[in-house]
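Residue numbers (the numbering used here), protein chains in the order written: chain A, 1 to 287; chain B, 1 to 433; chain C, 1 to 248. Every residue gets a Cβ at the ideal spot worked out from N, C-alpha and C, and that includes glycine. Below: the structure, in structure tokens.
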Amino acid sequence: MSTTAEAVGQAKAAITSADLAKAREVSATVGEFRSPTPRMVCRNVNVWYADKQAIKDVNLDIGKNEVVSMIGPSGCGKSTFLRCLNRMNDTIAGCRVSGTLELDGVDIYDKRLDVVPLRAQVGMVFQKPNPFPKSIYENVAYGPRIHGLTNDKAELDALVEESLRKAGLWEEVKDRLDQPGTGLSGGQQQRLCIARTIAVSPEVILMDEPCSALDPIATAKIEELIDELRANYSIAIVTHSMQQAARVSQRTAYFHLGDLIEVGQTDQIFTNPRHRLTEDYITGRFG
Amino acid sequence: MNSPIAAARPRAIDRVNQSLKRRYAAERRFRFLGASAVVIGLLFVTILFVDIIGKGYTAFWQTSIQLSIYFDPEVIDPSGERDPQELRRADYQKLARDALRAEFPEVQRRQELRELYGLLSTGVAQQLAERVQANPERIGTTEAVWLLADDDVDMLIKGKIDRDLPESDRRVKDRPLAWIEALEAKGAIEKHFNTPFFSNGTSREPELAGIAGALMGSFYTLLLTLLFSFPIAVATAVYLEEFAPKNRWTDLIEVNINNLAAVPSIVFGLLGLAVFINFFGVPRSTPLVGALVLTLMTLPTIIIASRAALKSVPPSIREAALGVGASPLQTQFHHVLPLAMPGMLTGTIIGMAQALGETAPLLMIGMIAFIVDIPGGATDAATVLPVQIFLWADSPERGFVERTSAAIMVLLAFLIAMNLTAVMLRRKFERRW
Amino acid sequence: MGQGTMTIDPTEGHTVRAYDRELTQLRGFVLEMGERVIEQTRLAVDALIEGDAETARRVVSQERKIDYMELDADDEVFNLIAKRAPTAIDLRLILALSKVIGDLERAGDKAARVAACAIELQTRGSRLPEVKILHHFRQMAELACRMLSNSLDALARTDVDLALGVFAEDRGLEMEFDAAMRHLITFVFEDASLVGQVIELVFGLKSLERIGNHAGNIAEQVIYIAKGQDVRYQNRENLIAALSQRRR
Chain A
1 MSTTAEAVGQ AKAAITSADL AKAREVSATV GEFRSPTPRM VCRNVNVWYA
51 DKQAIKDVNL DIGKNEVVSM IGPSGCGKST FLRCLNRMND TIAGCRVSGT
101 LELDGVDIYD KRLDVVPLRA QVGMVFQKPN PFPKSIYENV AYGPRIHGLT
151 NDKAELDALV EESLRKAGLW EEVKDRLDQP GTGLSGGQQQ RLCIARTIAV
201 SPEVILMDEP CSALDPIATA KIEELIDELR ANYSIAIVTH SMQQAARVSQ
251 RTAYFHLGDL IEVGQTDQIF TNPRHRLTED YITGRFG
Chain B
1 MNSPIAAARP RAIDRVNQSL KRRYAAERRF RFLGASAVVI GLLFVTILFV
51 DIIGKGYTAF WQTSIQLSIY FDPEVIDPSG ERDPQELRRA DYQKLARDAL
101 RAEFPEVQRR QELRELYGLL STGVAQQLAE RVQANPERIG TTEAVWLLAD
151 DDVDMLIKGK IDRDLPESDR RVKDRPLAWI EALEAKGAIE KHFNTPFFSN
201 GTSREPELAG IAGALMGSFY TLLLTLLFSF PIAVATAVYL EEFAPKNRWT
251 DLIEVNINNL AAVPSIVFGL LGLAVFINFF GVPRSTPLVG ALVLTLMTLP
301 TIIIASRAAL KSVPPSIREA ALGVGASPLQ TQFHHVLPLA MPGMLTGTII
351 GMAQALGETA PLLMIGMIAF IVDIPGGATD AATVLPVQIF LWADSPERGF
401 VERTSAAIMV LLAFLIAMNL TAVMLRRKFE RRW
Chain C
1 MGQGTMTIDP TEGHTVRAYD RELTQLRGFV LEMGERVIEQ TRLAVDALIE
51 GDAETARRVV SQERKIDYME LDADDEVFNL IAKRAPTAID LRLILALSKV
101 IGDLERAGDK AARVAACAIE LQTRGSRLPE VKILHHFRQM AELACRMLSN
151 SLDALARTDV DLALGVFAED RGLEMEFDAA MRHLITFVFE DASLVGQVIE
201 LVFGLKSLER IGNHAGNIAE QVIYIAKGQD VRYQNRENLI AALSQRRR
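This is the structure in structure tokens:
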């Protein structure tokens, strides 16, 4: 057991730009990117869009029952990284991914792996609420139906109700399940999208700026929901709102120009970040 | 104390106010130009419609002459066995001529008789034959029957031939005119609704010419065109837009599709002649080959419109579907296509309307032939409405003028009906959000 | 030992420049408050040594001003937190300044206490038994004011070295206080009737020592701002050793 003073001296390393340059050769990331109970493990992930490298050697774990938030200025690669986690980047022409990304020990970029079940396991909620132009019921039932998760109508009904309840939307929509999902308010639509995602029982939920189109009240409801969902899922959330990252996540990762600069407990990142870039960004000194 | 610069410069709002008048004037001019363009357009459409309807509406009525016909068993059924073969072959013309002679007993000379017989259409034989075949019991009885008048008589009655002109300038001479007036006085000349126009094929005789053949020809041709072009075009559009890799080949294909849309339609006709008829041996003059050619012609239009419709489907919907684990094909069929369908239908209708009005390529594949029979299927020789209009417009007989206009009206009605169907289909699809 | 590649001014560099201004303003206000406390201490000690009751009374009456300054500064802290939702170094700076404000206010009270002591001695009309004891006062006041001044400088420049220097001087202050105490005790042994005066003097000395402690607290806050580590209630020697070692 070391003395407190020693701990103080060690824990708070003064990081100079020279240190950084040295550190860059080893690993660009400050802080512990591993999780004690990892669900997704990403090592040395590089992503290119044509010739442009969008992600550089990123290492990050997403643990069980935790919310990992990814913050950083626009174009820093946080969304790109998120979209690697369920291979949504496959749909983008000219996008190349290298490195290891594992979900429960299975390499998700294995050539033999089918992306359809992967996307059922790693669900995604997008920036703009994007319910299908179908009824509320159909929106939630669509996933289970195409994956054949239920045996009969009654089971499907129950699953739809359960998903809507988990998304905190059931009480608001139970009397109008046959009405179009697009007729809901923005916040309700986003919760509908979350219900749609959890209806296929994913293990990980990816959220790409889920509240950027919502008002503060709706945002608060989603944040509350995220906190509840943490009990059953692993969640990775990209957000532009640092306050949101601070509120909902247990760990925070700061991306900058394709590098993962710093990862750490959210409390630590927001009170005492170790990297100068992180500090500049979260205190509004960026640019 | 203001600085001299600030004092010298007028306030921004003053400048804004100065320019305001000019800006509003420009706006008014623009609005006026737009409105006048619309008005001029509407004016021309109105003129077109008034002209066509004015010329053509009379074609829907046809002059008939009432004669009391004795269905002479000697003429119709000399053997008395009611043999259908015999009934069909009988000289019904003679019955009509006998009746005319009975009406005007004073006419004896051959020259005069020919003029007298000329009052009736050559189609009366068919008319009477149908009557007898419908009910052989008529044989041996006498009946007052409305028989089709000759097209000259029809024109005279409709006032298209001026009765006051000197005889030499008039197509209907004095003697027939006197007979006609005599019949009119008796009330034996009347205009009836022109059902033959809708049930007959074309004919050399205006009073017998109908558009049923062309209408059916157009119908079969369009139906086949739709069946061929829509699936191919949609499949092409979906593939190019959603699945094909973006490389030099797909770029080339895209450029070619766009170019094809601009190729003169007659070229497609030549292509059809060379490939479908000469190489594949598809029977010429048929709706089938017509449809094949028109499919080639409309494909680019539908593909371009369909791609635009697909592009306009928000990518967020695709992401949403892929995000819950739908396969790319499921994404397309469950989400993207339903949303793009209204746009695709619009493109299809534009293409179909184009095909409906097309003449040039069909000339090359023999659909301009004079075909009297109404086609019963896609492989019967046929012609189409615009070609029929073209042919009639080319005919010298006075009676074809109104029929041309009437055919144009039918064509337009066909077009409007098609568009309405399409709009209704669109509505239906759109209501499913 | 350069003061630094790493020391940054925590009140600078925000994209929203009004934020910079507000932080600078708050810190300036706190520094001004500190200057005033130092001034008060000096005046009080001078009044005590020279037996100038007039100045001593002025010091006591001026003490209210420092209280008002505390209220204003607290308001500013409150506004900043509410409006800017500070994070990381900004948050640390504002929280630290808030604590520094409290320390300064209490240091101001202590200065007034020294002045009260001067008034008390003056009204009793008794001359101090020996001028030498006043030397202790001057010595301690000198030390306490220097510590306070250094800690405020450290705060102004976010200078960890300077802050560590304040800790180092803490020891000297303690020793000076102990020496003065021993000296005073000898007075009581010599003449028990001096007990009343001696008690007054002990209060005065204790107040000066407390001012030095407050300066130490401020230095701790400087380290908190710069390093994000709460170093309160820790062994100062170890701390100095650890942090200076880092530096080399």
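Beta-carbon spacing of residue i, residue j below 7 angstroms
i, j, result
"residue 121(B)", "residue 150(B)", "yes"
"residue 151(C)", "residue 218(C)", "yes"
"residue 205(C)", "residue 118(C)", "no"
"residue 340(B)", "residue 313(B)", "yes"
"residue 39(A)", "residue 62(A)", "yes"
"residue 235(A)", "residue 198(A)", "no"
"residue 140(B)", "residue 73(B)", "yes"
"residue 187(A)", "residue 213(A)", "no"
"residue 156(C)", "residue 162(C)", "no"
"residue 144(B)", "residue 66(B)", "yes"
"residue 69(A)", "residue 252(A)", "yes"
First through last residue of the beta strand (DSSP E) which encompasses residue i
i, result
"residue 96(A)", "95 to 103"
"residue 122(A)", "122 to 125"
"residue 145(B)", "142 to 148"
"residue 33(C)", "Note, residue 33(C): premise wrong, no beta strand (DSSP E); alpha helix (DSSP H) at 17 to 50."
Nearest neighbour of residue i, chosen from the options [CA to CA]
i, options, result
"residue 89(B)", "299(B), 421(B), 195(B), 126(B)", "126(B)"
"residue 130(A)", "228(A), 208(A), 232(A)", "208(A)"
"residue 53(A)", "95(A), 262(A), 141(A), 65(A)", "95(A)"
"residue 53(B)", "300(B), 228(B), 306(B), 411(B)", "411(B)"
"residue 234(B)", "43(B), 403(B), 342(B)", "342(B)"
"residue 91(A)", "99(A), 76(A), 116(A)", "116(A)"
"residue 159(B)", "394(B), 37(B), 278(B), 55(B)", "55(B)"
"residue 36(A)", "46(A), 57(A), 51(A), 65(A)", "65(A)"
"residue 19(C)", "45(C), 71(C), 51(C), 81(C)", "81(C)"
Neighbourhood of residue i by C-beta, 8 angstroms cutoff - its chain only, sequence neighbours within 5 removed
i, result
"residue 138(B)", "71, 131, 132"
"residue 116(C)", "56, 60"
"residue 227(A)", "67, 248"
"residue 191(A)", "167, 168, 169, 221, 222, 225"
"residue 176(A)", "136"
"residue 142(B)", "68, 69, 70, 71"
"residue 29(C)", "69, 72, 73, 76"
7 angstroms Cβ shell around residue i - same chain, five flanking residues per side excluded
i, result
"residue 108(C)", "37, 40, 63, 66"
"residue 157(B)", "63, 189, 191"
"residue 268(A)", "none"
"residue 6(C)", "Since pLDDT at residue 6(C) reaches only 46, below the 50 mark, its modelled position is unreliable, and no value is offered."
"residue 402(B)", "55, 56, 58, 59"
"residue 58(A)", "42, 45, 81, 260"
Residue i - containing alpha helix (DSSP H), residue span
i, result
"residue 278(A)", "276 to 282"
"residue 435(B)", "The question about residue 435(B) has no answer, for chain B in this structure spans 1 to 433."
"residue 153(A)", "153 to 166"
"residue 299(B)", "287 to 311"
"residue 249(C)", "With chain C covering only 1 through 248, there is no way to say anything about residue 249(C)."
Close Cβ partners of residue i (< 6 angstroms) along its chain, the five nearest in sequence each way excluded
i, result
"residue 14(B)", "none"
"residue 208(C)", "140, 141, 144"
"residue 108(A)", "101, 118"
"residue 72(A)", "78, 254, 255, 256"
"residue 110(C)", "207, 210, 211"
"residue 219(A)", "211"
"residue 121(A)", "202, 203"
Stretch pair the region 380 to 397 of chain B + the region 203 to 217 of chain B: three plus CB contacts closer than 8 angstroms: Contact check between the region 380 to 397 of chain B and the region 203 to 217 of chain B: three or more CB pairs, one atom from each, fall below 8 angstroms, which counts as touching.
Meets three-Cβ-pair contact criterion under 8 angstroms: the region 255 to 272 of chain B and the region 347 to 364 of chain B: In short, these stretches touch, since the Cβ pair count reaches three.
The region 272 to 280 of chain B touching the region 202 to 212 of chain B, judged by at least three CB pairs closer than 8 angstroms: In short, these stretches do not touch, since the Cβ pair count stays below three.
Cβ contact (3+ pairs, closer than 8 angstroms) linking the region 176 to 191 of chain C and the region 9 to 29 of chain C: By the Cβ rule, the region 176 to 191 of chain C does not count as touching the region 9 to 29 of chain C, because fewer than three pairs are nearer than 8 angstroms.
Meets three-Cβ-pair contact criterion under 8 angstroms: the region 344 to 360 of chain B and the region 163 to 180 of chain B: No contact exists between the region 344 to 360 of chain B and the region 163 to 180 of chain B.
The region 318 to 331 of chain B contacting the region 248 to 259 of chain B, beta-carbon criterion three pairs below 8 angstroms: Note that the region 318 to 331 of chain B does not touch the region 248 to 259 of chain B; fewer than 3 beta-carbon pairs, one per stretch, sit closer than 8 angstroms.
Three-pair Cβ contact test at 8 angstroms for the region 186 to 204 of chain C versus the region 66 to 75 of chain C: Contact between the region 186 to 204 of chain C and the region 66 to 75 of chain C is absent, because fewer than three Cβ pairs lie under 8 angstroms.
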